[in-house]
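Numbering (my numbering), first residue to last: 10 to 413. All residues carry an ideal CB built from backbone N, CA and C; glycine is no exception. Notes follow the structure.
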């Protein structure tokens, strides 16, 4: 994110001495993307960020995926992955799902993994994703993400963007439903929204003032702090438990263009048109070989003969994943899809609205719906979480709904 911020105490010039009140030298850490050739921030630690005292295997939840074969559209009911807890369980915080450890893998490929978790109100483990950036959509709930950069509050409707290798933990104020888009690359605004120097342009549906990063350092004392690290090997994604000699949240100040931030869907300005607009106008982020879009409450097409719901389309280059968050999604009426559902419409399959939804949409002036879409340019496979909550009847609903 090429938007400079300075938080806490930093020296007047980079790579120069900074000392604390006790005269001890602070340790400077450059956190940067693409070697030394892209966005970065300089952090000033009280301790030594490289100092570890132990390294052990962390057995990740199942990362295994299976191909979408034979090819068909899928409907996955995510809310069934974490049923509401009963009263006696609610009184035992240790049994509440952890925002990191208890994620269930729903869909994935070599570029992106989509997971889902419903937290309790207890803090998560300390965590660092070294495979890529995370873009976590908060379906519901509130709290804060404590990070090495400081605290980032979150609320329902937020995208929480966490750069690769940022040590952090989730601290829910209330049970939170989190839809985690874990990239194997960096996540950023679409290039067409940005000037050649990185400023969000006038035609972008959001701007820098809509992005909320840390406002103050988070200084925590401690020693021998365990941090769970997700990273890559030739065999795929694996986990390690690192024990840090001093608490990773020992940064007195930082400055730069790389940091965690939130963007709330209430601040996103949908782009509408005279006839139905294609999904790219709803794009919010992009990563390598995937994009993130959101479909939000909006005034719809105003041509007198417009058909407000989408036309049928074939994804010849991509798989389309839609997560239904709020409202009543017009195009899927009669399909069994509801709040908390995912639809997977794979490349090679022509898809679009349920037939009866087309006539029903004629004359509509406003759609009250919210959904988060991920389009990938490599086939998605199903994780254990997705397979556990599949609606086997969904692929045949177009044939069952003749639109009569």
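Residue nearest to residue 264 within the set 310, 296, 226 is 226 (criterion: CA-CA distance). Between the alpha carbons of residue 45 and residue 318 lies a gap of roughly 46 Å. Take residue 122, set aside five residues on each side of it, and the residues of its chain with a beta-carbon closer than 7 Å to its own are 114, 191, in chain order. Taking residue 284 as the centre and dropping the five residues before and after it, the same chain places the C-beta of 310, 312, 315 closer than 7 Å to its C-beta, in chain order.
Excluding the 5 residues flanking it on each side, residue 382 has same chain C-beta neighbours closer than 6 Å at 302, 331, in chain order.
The residues 274, 277, 279, 379, in chain order, have a CB closer than 7 Å to that of residue 305 in the same chain once the five nearest residues on each side in sequence are set aside. Excluding residues up to 5 positions away in sequence, 307, 308 lie with their Cβ nearer than 6 Å to the Cβ of residue 281 in the same chain.
DSSP places residue 395 within a helical segment (H, G or I) once states are collapsed to three. The alpha helix (DSSP H) runs lying completely inside the segment 89-145 and spanning 4 residues or more are 96-99, given in chain order. Taken in chain order, the complete alpha helix (DSSP H) segments of 4 or more residues contained in the segment 213-250 number zero; there are none. Here residue 402 carries a coil assignment [DSSP, helix/strand/coil]. For residue 308, DSSP records a beta bridge to 375. Judged by their CB atoms, residue 150 and residue 183 are nearer to each other than the 7 Å cut-off. Counting every other CB atom within 10 Å of its CB across the protein chains shown gives residue 245 a total below 16, marking it as exposed. Within the segment 42-87, complete alpha helix (DSSP H) segments of at least 4 residues are not found at all. DSSP lists 125, 146 as the bridge partner or partners of residue 188.
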